Amino acid sequence: MQAIVCIKQVPDTTEVKIDPERGTLIREGVPSIINPFDTYAIEEALRWKEKLGGKVTVITMGPPQALNALKEAVAMGADEAILLSDPAFAGADTWATAYTLAAAIRKIGHFDLIFCGRQAIDGDTGQVGPGVATQLQINQLTYVCKISSLDLAQKRIEVERLVEEGKEVVQSSLPCLITVVKDINQPRYPTILGIRRSQKVQIPIWTSKDLEVDPALIGLNGSPTRVVKIETPPARQGKCQIMQAESVEQQAELLAEKLLAEKIIV
Amino acid sequence: MALLEIKRDACTGCGLCIDACPFGALSLDGERIIKVSEACTGCGACVPVCPTAALSLPEVEKKSVPDLNSYQGVWVWVEQNNGRASSISWEMIGEGKRLAEKRRTMLTACVLGHQAEHIAREAIAYGADRVFLVDDPTLKVYRTDPYARCLVELVRKYKPEIFLLGASTRGRDLAGAVATYLYTGLTADCTGLEIEEGSNLLLQIRPAFGGNIMATIKCENYRPQMATVRHHVFEMPVPDHSHQGQIVREKPVMLEEQIATRVLDLIVEKNEINIADAKIIVSGGRGLKGPEGFTLIHELAEVLGGAVGASRAAVDAGWISYAHQVGQTGRTVRPDLYVACGISGAIQHQAGMRTSKIIVAINKDPEAPIFQIADYGIVGDLFSVVPALTRALKKRLNK
Numbered sequence: 007m008q009a010i011v012c013i014k015q016v017p018d019t020t021e022v023k024i025d026p027e028r029g030t031l032i033r034e035g036v037p038s039i040i041n042p043f044d045t046y047a048i049e050e051a052l053r054w055k056e057k058l059g060g061k062v063t064v065i066t067m068g069p070p071q072a073l074n075a076l077k078e079a080v081a082m083g084a085d086e087a088i089l090l091s092d093p094a095f096a097g098a099d100t101w102a103t104a105y106t107l108a109a110a111i112r113k114i115g116h117f118d119l120i121f122c123g124r125q126a127i128d129g130d131t132g133q134v135g136p137g138v139a140t141q142l143q144i145n146q147l148t149y150v151c152k153i154s155s156l157d158l159a160q161k162r163i164e165v166e167r168l169v170e171e172g173k174e175v176v177q178s179s180l181p182c183l184i185t186v187v188k189d190i191n192q193p194r195y196p197t198i199l200g201i202r203r204s205q206k207v208q209i210p211i212w213t214s215k216d217l218e219v220d221p222a223l224i225g226l227n228g229s230p231t232r233v234v235k236i237e238t239p240p241a242r243q244g245k246c247q248i249m250q251a252e253s254v255e256q257q258a259e260l261l262a263e264k265l266l267a268e269k270i271i272v
Numbered sequence: 011m012a013l014l015e016i017k018r019d020a021c022t023g024c025g026l027c028i029d030a031c032p033f034g035a036l037s038l039d040g041e042r043i044i045k046v047s048e049a050c051t052g053c054g055a056c057v058p059v060c061p062t063a064a065l066s067l068p069e070v071e072k073k074s075v076p077d078l079n080s081y082q083g084v085w086v087w088v089e090q091n092n093g094r095a096s097s098i099s100w101e102m103i104g105e106g107k108r109l110a111e112k113r114r115t116m117l118t119a120c121v122l123g124h125q126a127e128h129i130a131r132e133a134i135a136y137g138a139d140r141v142f143l144v145d146d147p148t149l150k151v152y153r154t155d156p157y158a159r160c161l162v163e164l165v166r167k168y169k170p171e172i173f174l175l176g177a178s179t180r181g182r183d184l185a186g187a188v189a190t191y192l193y194t195g196l197t198a199d200c201t202g203l204e205i206e207e208g209s210n211l212l213l214q215i216r217p218a219f220g221g222n223i224m225a226t227i228k229c230e231n232y233r234p235q236m237a238t239v240r241h242h243v244f245e246m247p248v249p250d251h252s253h254q255g256q257i258v259r260e261k262p263v264m265l266e267e268q269i270a271t272r273v274l275d276l277i278v279e280k281n282e283i284n285i286a287d288a289k290i291i292v293s294g295g296r297g298l299k300g301p302e303g304f305t306l307i308h309e310l311a312e313v314l315g316g317a318v319g320a321s322r323a324a325v326d327a328g329w330i331s332y333a334h335q336v337g338q339t340g341r342t343v344r345p346d347l348y349v350a351c352g353i354s355g356a357i358q359h360q361a362g363m364r365t366s367k368i369i370v371a372i373n374k375d376p377e378a379p380i381f382q383i384a385d386y387g388i389v390g391d392l393f394s395v396v397p398a399l400t401r402a403l404k405k406r407l408n409k
């Protein structure tokens, strides 16, 4: 199985805190990590490689320090990694990002499956996966929580997708792109051997000159959308009434009265 | 990847932009003038905080798109599964109607399905002036390819100015494909939409960084302006069955043999109320200390006739399945009543529930952030408070 995993390096948003006075993000000391959803994508690719043989190639687009995310993926067990980095890629929105990733995947050549996380925790869009699939004119299966079967000879995959009503069982032909949710597996930790390999591995850096891309369609220039304003959200005006009473029972009674008075419970 | 331009004579070295940068790309390092590293992605978060307007991003060259004005009208995709429309679509119709009135234009609904004429009529009752109905067995259940290509053809033929889709799993799957085909802008998971005075552009407001910041996004030179919008953000409109509208039948663009995917089954979790649609949600977090803790949550939810939610901590610990997770990486909910038990209320959790009508917090830590957004609270041990509340409500509701 030839698998390609698209990952993104993100600030760990669970570590991001707000300065209550200035209302700004406190970024100091916030580590950069592999987007958590992408670690499930890496893990799933590795598990199927272990079953079926083949190769897992991890790619990312980002600044030079995104190399660290690729090294971590290699430490987990990925065979190869490629960094797409060029000032010309900067400021890309989801359209331009998908366009650039798709160009890199074409250059890599043959693949059976592309794995992505369902969304990145900084942008939260979930659009790059479908964008890459559409650029490459292959099928997409998003929000996958289980790959039930994968048959390379018959070029068939069967998955369960997490949808609002439950789980949808879908069959598709290969090659295709899947985006995974975190129910799918438990990502492994890097091994000592893997970490050693990740220190030595050569990770090529591809710039716009290495890819067949139209310069008008990459980076900020190629992006149809533009961020025009960023602000911290207004705090919800909860004037919290704390139930004060002698005992827990009385507190609960008080709260029950309040809730019934709201006429929400029927 | 530094895109940011710094006016050296305007920068006072005050450092406000350092805090605003989500990527840690800015520093002073003892210098008087701010320095930008390669971590800069050109997101623009620092630009408005600079008191001396020393920071800017390069102006984007205007693409010459001569027929921008030929794109008119507001469109909404009506999501259906096996002949049942999903409520998120009617919320979109309500919001689409408001935007269409502001733009003095028509609201069009796109209904793709099989034997789905009743959904087209429903769309008109909710406010659509026109419905494109593509009725075909290949469209009975949602699949990316036949749906995306069909919408792409409709857009190319009729050229809408604005196209809204619900940010459900299907809506996000579809919108990403359609916008890519059309080479136009798509903003995911919006929580606010406005028409900008003067330019008449769609201002698309969405949370990013787990709800830590709100970004306003524009799509100036491409059409349609596409957005997916979160569930429960906009009010459900009231249907008016006397409202008149036109149903236009269109043809699908793919034959069954050209479609490479098959939907084999839909496995629905039985005996569970789906948190996405629940009016009342009782959620548990880290404070439950283990999977057994959810028994208390289930009991309270049962008395209230509500669904069971959970924080990421509880899901990550394996105490309850991911389908129950509320928050940034789970589901966005907007129930009438949200009861948070043993949930501290991190910003990521708040991002998924802060628009609930009434929020109740039960937590032993009076400093927990959840109390800052709650309407009612009890500071105490949830293992005694929750059962007491269940009993108190049971008594009053005669259950």
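Which chain is which? The protein sequence lines are A and B, in order. First residue of the first sequence: 7, per the numbering used here; consecutive thereafter. First residue of the second sequence: 11, per the numbering used here; consecutive thereafter. Note that the Cβ used here is the ideal one computed from N, Cα and C, for glycine as well. Computed from a predicted structure; not experimentally measured.
Taking C-beta atoms as the reference points, Ala139/A and Ala187/B count as a pair closer than 9 Å. The beta carbon of Ala63/B sits closer than 7 Å to the beta carbons of Ala20 from its chain, once the five residues preceding and following it are set aside; these are given in chain order. According to DSSP, Met236/B shares a beta bridge with Phe173/B and Leu196/B.
Per the Cβ contact rule, the stretch 321 to 338 of chain B is not in contact with the stretch 261 to 277 of chain B (fewer than 3 Cβ pairs under 8 Å). Excluding the 5 residues flanking it on each side, Ile380/B has same chain C-beta neighbours closer than 7 Å at Ala350, Ile353, Ser354, Gly355, Ala371 and Asn373, in chain order. In the structure shown, Asn210/B adopts coil according to DSSP, grouped into three states.
Annotated three-state conformation of Trp329/B is coil, per DSSP. In the three-state reduction of the DSSP assignment, Met67/A falls in the strand class.
Going by DSSP, Asp44/A is part of the alpha helix (DSSP H) stretching over Pro42 to Leu58. Across the stretch 175 to 208 of chain A, CB contacts with chain B closer than 7 Å involve Val175, Val176, Gln177, Ser178, Ser179, Val187, Lys188 and Asp189, in sequence order along the chain.
Rounded to the nearest angstrom, the gap between the Cα atoms of Cys53/B and Asp130/A is 14 Å.
For the stretch 40 to 71 of chain B, the set of positions with a beta-carbon nearer than 9 Å to some beta-carbon of chain A reads Ser47, Glu48, Ala49, Cys50, Thr51, Gly52, Cys53, Gly54, Ala55, Cys56, Val57, Pro58, Val59, Leu67, Pro68, Val70 and Glu71 in chain order. A Cβ-Cβ separation of about 6 Å places Arg124/A in contact with Tyr149/A under the 8 Å criterion.
Note that the C-beta distance between Val16/A and Ile39/A is below 9 Å. Residues of chain B whose Cβ lies closer than 8 Å to the Cβ of Gly83/A do not exist; the shortest such Cβ separation is about 22 Å.
Taking C-alpha positions only, Lys228/B is separated from His251/B by approximately 35 Å. At a cut-off of 9 Å between beta-carbon atoms, Gln141/A makes contact with chain B. Close CB contacts of Ile114/A within its chain, under the 8 Å cut and outside five residues either way in sequence, are with Ile10, Thr63, Ile65 and Ile88 (chain order).
The Cβ neighbour count for Tyr193/B, taken over all protein chains shown within 10 Å, is under 16; the residue is labelled exposed.
Close to chain A, meaning a Cβ-Cβ distance shorter than 8 Å, are the following residues of the stretch 329 to 353 of chain B: Ser331, Tyr332, Ala333, Gln338, Thr339, Asp346 and Leu347. By the criterion of a C-beta distance shorter than 8 Å, Ser96/B is surrounded in its chain by Glu89, Gln90, Gly176 and Ser178, once the five residues flanking it on both sides are discounted.
DSSP places Phe121/A in the strand class (E or B) of the three-state scheme. Note that the C-beta distance between Gln257/A and Gln247/A is not below 9 Å.
Contact holds between the stretch 73 to 84 of chain A and the stretch 191 to 204 of chain A, because three or more Cβ pairs, one in each stretch, are under 8 Å apart. DSSP places Leu147/A within a strand segment (E or B) once states are collapsed to three. Inter-segment contact for the stretch 225 to 245 of chain B and the stretch 193 to 205 of chain B is present: three or more beta-carbon pairs are separated by less than 8 Å.
DSSP places Ser179/A within a strand segment (E or B) once states are collapsed to three. Fully enclosed alpha helix (DSSP H) runs of no fewer than 4 residues occupy 357 to 363 and 380 to 383 of the stretch 338 to 396 of chain B, in order along the chain. Inter-residue distance for Ala30/B and Pro37/A is about 16 Å (C-alpha atoms, whole angstroms). In terms of beta-carbon proximity, Val80/A stays away from the interface with chain B, with every pair separated by 9 Å or more. Here DSSP, grouped into helix, strand and coil, assigns Val233/A to strand. In the structure shown, Ala9/A adopts extended strand secondary structure according to DSSP, grouped into three states. Between the alpha carbons of Met246/B and Gly83/B lies a distance of about 21 Å. At a C-beta separation below 8 Å, Leu261/A has these neighbours in chain B: Val370, Tyr386, Ile388, Leu399 and Ala402.
By the Cβ-count criterion, Lys173/A is buried, with 16 or more other Cβ atoms from all chains shown falling within 10 Å of its own Cβ.
Listed as beta-bridge partners of Pro217/B by DSSP are Met224/B.
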